[in-house]
Each structure stands twice: as structure tokens, then as C-alpha cells.
Amino acid sequence: MAKVAVRLAESALVDLESIRAWYAERGVPEVGERLLGETVTRIEALADHPDLGRIVPEFDQPFLRELIRPPFRIVYRRDLKQVRVVRVWRSERLLDVPDEDAP
């Protein structure tokens with residue numbers, strides 16, 4: 001299978017920056033950096049394995065998938081030639097997909 005492009009929506013970029021800031025505010029920026037690094041590694045794996053994640057149960061749409069990288073959910077839209085990451089949220093939070101990224 002050929003590689004697919006991996007893109008991050010603005011909402012996912014904001015999520016990643018919020019995660020970094022949250023850990024920094026609590027005095028453990030190294031934990032935030034480690035978790036972000038591991039999360040980005042999982043996201044990069046989607047280029048080779050775009051169907052790696054499961055279908056998001058809340059939406060039950062085959063093109064909207066998620067990877068769990070505790071404590072985060074990496075939610076992405078799977079198209080033929082592209083993966084677009086739309087959210088990176090804590091696993092226990094209810095999913096909210098921004099309108100421009102909604103299925």
C-alpha cells in the first residue's frame with residue numbers, strides 16, 4: 001500500500017498546543033513534551049497504516065477513525081489519499097468535532 005498524506009487540522013494543532021501548555025502550567029513540561037512526542041509518532045504511523053485506528057463509536061462512520069494513545073484520543077478523517085487529524089483529546093472527554101471537520 002502506498003503512503004498517504006497526513007495533515008493536521010487547525011483544531012488538532014490547537015489541541016496539541018493546549019496539551020503542552022497544560023503540563024507546563026503544572027510544572028512538568030517534560031511530561032507534556034514526552035506525551036506529545038509519543039502522540040506525534042502515532043500520528044506519523046498513519047502515513048503507512050491509515051486504517052490503524054478504529055471507527056469512532058460516537059459517529060459510526062467508516063471514514064472517521066481514532067487511535068487511542070493513553071491518555072489521548074487521536075481522531076482523524078480517512079480519505080483515499082489523505083488522513084486529516086481533527087482532534088487530539090483526553091480519552092475521557094466527550095468528542096466534539098469542529099464544524100469544518102464534521103463528517
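No gaps in the numbering here: position 64 of the sequence shown is 64 in my numbering, and each next residue is one more. Ideal placement from N, C-alpha and C gives every residue a C-beta, glycine not left out. These figures come from a predicted structure and were not determined experimentally.
Judged by beta-carbon spacing, I43 lies within the 9 Å limit of V85, meaning their Cβ atoms are closer than that value. Between the alpha carbons of E92 and R73 lies a distance of about 9 Å. Within the stretch 9-96, complete alpha helix (DSSP H) segments of at least 4 residues are found at 10-25, 29-45, given in chain order. By the criterion of at least three beta-carbon pairs nearer than 8 Å, the stretch 59-68 is not in contact with the stretch 15-30.
In terms of CA proximity to A2, A47 leads the group A47, W89, V88, E66.
When secondary structure is reduced to three states using DSSP, V6 falls in the strand class.
For V6, same chain residues with a beta-carbon under 6 Å away, outside a window of 5 residues either side, are L46, A47, V83 in chain order.
With a cutoff of 9 Å on beta-carbon distance, L16 and V40 are scored as near each other. C-alpha of V75 to C-alpha of H49: approximately 14 Å in a straight line.
If you draw a 10 Å sphere on the C-beta of R87, you find 16 or more other C-beta atoms in it, and that means buried.
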